[in-house]
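Per our numbering, the very first residue in the sequence shown carries number 174; after that it's consecutive. Glycine included, every Cβ here is placed at the ideal spot set by N, Cα and C. Since we're looking at a predicted model, the values are computed, not measured. Notes follow the structure.
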Amino acid sequence: MKHSKILCILLFLLISCTVMSQEKKSPIDSLFDAAKQYESNSDLYNASLCYSDAIKIARKSDESRLPELLLAYCRALTYLGDYSGALINIEEAELRAPSDNESLRGRLMTAYGTIYFFQGNFDEALKYYEKALECAENYGKPLGISISQTNIACVYGEKKEYEKAIEMFEKSLVAQEEAKDSSSIATTIFNIAQCHLDLKNYGEAYKSLNKALEVAEKSNTEILTLCLQGLAKVEAHNSNFEEAERLLDRSESIAYENHFRQALQTLYREKKDFYVNQGRYREAYEYLSKYQEFSDSLFSEDTKNKLNAQRIRFELREKELQIEDQKDTIEQQKLMRLFLFIVIGLLLVLIAMIIRIWHIQRVRNRELEQINQTKDKFLSIISHDLKNPAIAIRNVLQVIAENYETLSREEILELGIQVLQASEEQVKLIYDLLNWSQMEVGRMPYAPANINLNEVVSNVVNLNKMNAGNKGINIKADVPDDIVVYADRNMLETVLRNLLSNAIKFSYENSEINISVENAGHKYVVSVVDNGVGIPKERIDTIFSMDAKSTIGTRGEAGNGLGLAVCDQMVRKNGGEIFVESEPDKFTKFYFTINKADEKTTENSHN
């Protein structure tokens, strides 16, 4: 459901903010206020450091402050994408929270729900949001009830259960109208309209959009721009194309004037689709370029947050090593003082300490060597592989800029597709680099659950249909609907996505790729088979190595050599193994084992 993640972020910020003021501010209060200021400037990295320092002080001086501080720290880590770190802190906050504080317990349940919501685990998110609603009802706070109902509605929207989403939004609207919160009212009515649009109930959507528009004009300019986009979609459906274009132009003007980035990104996508349907391909290509630019910008921000989360972990590790070094120094000083009284005993202890320090130094040297190797690999990939798509994009754009007046519409469209393909290669490389770096430092979020394999395979196939279609390749997936596995969804999707992408890359045109699953005792065996160039025997043994060299696809597609290494690590993380069989110029078969879901757990989840 569109915009639901934005709404969840706003709601989580609202219920997590606690005013902590005293006549004379303590160090904890000063750090807390500094963290809030960093958050208001979207500097989550420094906000996290402030919360971390405040927690260290509270552990020594005032443990009663820990639940609120841990909750705030959890929020910052969630937005940085460090879900495992967020779960560790929220679990401690829950243990320390007073049992009779229903308000705090409700916010803790909301925090759990938001972590799982961002991970795409909507069933777990729904469970915790319902617990938060129960807490809000117990302490009788209409605002808390409304927030929990809105969170639940967002989950239903993501699960495409739009009727339930509308029902919960309407319940939330009652409390918002009683509080006369115009901004929240406009947002909720717009979300109801969005559900009707997804259900293709254009009449109901039109009524709700006009109602939301009337409220938003006075209280919420960003929702106003989204309402105009929704009305344009209804008018276009009713063939009122001039009115639809006018509404989209007005929405763009307001969003641009107020720097509403999310609304502008949505607007560019809507305009692109509108012009494509009108056969106005030049305008469609213009807005496709704008949409791609915004998407890359938002992706860069998300990447920056994830890298900041890793940066925090490395800095904390560095501090721990410094503390260990200081402890070693103090220990040596004590031993030197003892030397004045017990010479023989000191010599024995000193020898033991030297051996211990030597061993620690060797371990640290190995760690540093591994870090340097990782860094060299990282820089090598960036310098050789990351620049190639960028150069391709620059060259295509240069051709367009120099020959724009002489190029035909079909030629411009073909060049635009080349730019899109190059940018997709660049995005895939960045995703592979992030996954690889997280696996290298052992911080890849791991949240195994019972998953319907057919659903995951279908999603991956749909994402790759366009690339396969461009080469005339037919993807045939034979996965029964009742196959349930126990694995981390994100890792499983990444493995299947990489294997299918490679199969398309190395398949001949007008061939077929087969995805199948077989029963193997306590596990399933998932296979991806293509009819392509195959793999030489001398490369089979090193195909999953980090040092494996990338090769060129049947249409000159580039690679980075990381995908299969990431697949191998993720499959092992989920308790399986990955294998390959191939015969040059005939076929390649990649297959891996995955755990079956526990039968009792599966039965309970169905109930």
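Requested in this report: Could you name the residues that DSSP lists as bridge partners for T323?
Outcome: Beta-bridge pairing links T323 to no other residue.
Query raised in the report: Near I318, what residues of its chain come up, given a Cβ to Cβ distance below 7 Å and the 5 sequence neighbours on each side ignored?
Result: L306, A309, E310 and A348
**Report entry** Contact the region 384-394 vs the region 411-422: 3+ CB pairs below 8 Å
**Finding:** no
Requested in this report: May I ask you to report which of helix, strand or coil DSSP gives D226?
Outcome: helix
**Report entry** Collapsed DSSP secondary structure at D654 in the structure displayed
**Finding:** coil
**Report entry** Y764 (DSSP reduced to helix, strand or coil)
**Finding:** strand
Query raised in the report: In or out: D771 buried (at least 16 other Cβ within 10 Å) or exposed?
Result: exposed
Report task. Any chance you could list the alpha helix (DSSP H) runs of at least 4 consecutive residues sitting entirely within the region 668-716, in chain order? Result -> 710-713
Report task. Buried or exposed for V516, please, with buried defined as at least 16 other CB atoms from any protein chain shown within 10 angstroms of its CB. Result -> exposed
Query raised in the report: Going by the CB atoms, is the gap between Y335 and D371 shorter than 7 Å?
Result: yes
Requested in this report: Could you spell out where the beta strand (DSSP E) holding P271 opens and where it closes?
Outcome: Per DSSP, P271 belongs to no beta strand (DSSP E) and is neither H nor E.
Query raised in the report: From A409 to Q451, what does the alpha carbon distance come to, in whole angstroms?
Result: 10 Å
Report task. Report the rounded CA-to-CA distance for Y454 versus I677, giving the unit in angstroms. Result -> 28 Å
Query raised in the report: Is L521 near F512, with beta carbons less than 7 Å apart?
Result: no
Query raised in the report: By Cβ distance, which residues of its chain are closer than 7 Å to Y460, with the 5 residues on each side in sequence left out?
Result: Y441, K444, K445 and Y448
Requested in this report: Measure the alpha-carbon distance for S237 versus Y224 and round it to whole angstroms.
Outcome: 15 Å
Report task. Give me the Cβ distance between L244 and A231, rounded to the nearest whole Å; I'm assuming they're in contact under 8 Å. Result -> With a Cβ gap of about 12 Å, L244 and A231 do not count as contacting.
Report task. State the DSSP-derived secondary structure class of P315, mapped to helix, strand or coil. Result -> helix
Report task. On the DSSP bridge assignment, give the partners of K769 in chain order. Result -> V658
Query raised in the report: Given 8 Å as the limit, is there contact between the region 618-638 and the region 650-660, that is, 3 or more CB pairs closer than that?
Result: yes
Query raised in the report: DSSP three-state call for P618: helix, strand or coil?
Result: coil
Requested in this report: Would you identify the three-state DSSP class for E196, choosing helix, strand or coil?
Outcome: Confidence in E196 is poor, its pLDDT being 45 and thus under 50, which makes the residue's placement unreliable; the coordinate value appears in the next sentence. Of the three classes helix, strand and coil, the one that applies to E196 here is coil, per DSSP.
Query - Given R567 as reference, the closest of E584, L593 and N383 once Cα atoms are compared - result: L593
Query - C-alpha gap between A266 and T251, whole angstroms - result: 15 Å
Query raised in the report: Alpha carbon to alpha carbon, what distance is there between G279 and Q322?
Result: 12 Å
Query - Burial state of S674, where buried means 16 or more other Cβ atoms lie within 10 Å - result: buried
**Report entry** First through last residue of the beta strand (DSSP E) which encompasses F752
**Finding:** I751 to E756
Report task. Look up I648 in the DSSP assignment and say whether it is helix, strand or coil. Result -> strand
**Report entry** From N294, G286 and S221, residue whose alpha carbon lies closest to that of I624
**Finding:** N294
**Report entry** Rounded C-alpha distance that separates K463 from P271
**Finding:** 50 Å
Report task. Give the secondary structure of N568 by DSSP, where H, G and I count as helix, E and B as strand, and everything else as coil. Result -> helix
Query raised in the report: Between L404 and K209, what straight-line distance do the alpha-carbon atoms span, to the nearest angstrom?
Result: 37 Å
Query raised in the report: In terms of residues, what are the limits of the alpha helix (DSSP H) holding T579?
Result: Per DSSP, T579 belongs to no alpha helix (DSSP H) and is neither H nor E.
Requested in this report: Tell me whether E666 is buried or exposed, calling it buried when 16 or more other Cβ atoms sit within 10 Å of its Cβ.
Outcome: buried
Report task. Keeping to the same chain, check which residues put their C-beta closer than 6 Å to that of S234; ignore five residues upstream and five downstream. Result -> none
Query raised in the report: Around the Cβ of A366, are there at least 16 other Cβ atoms within 10 angstroms (buried) or fewer (exposed)?
Result: buried
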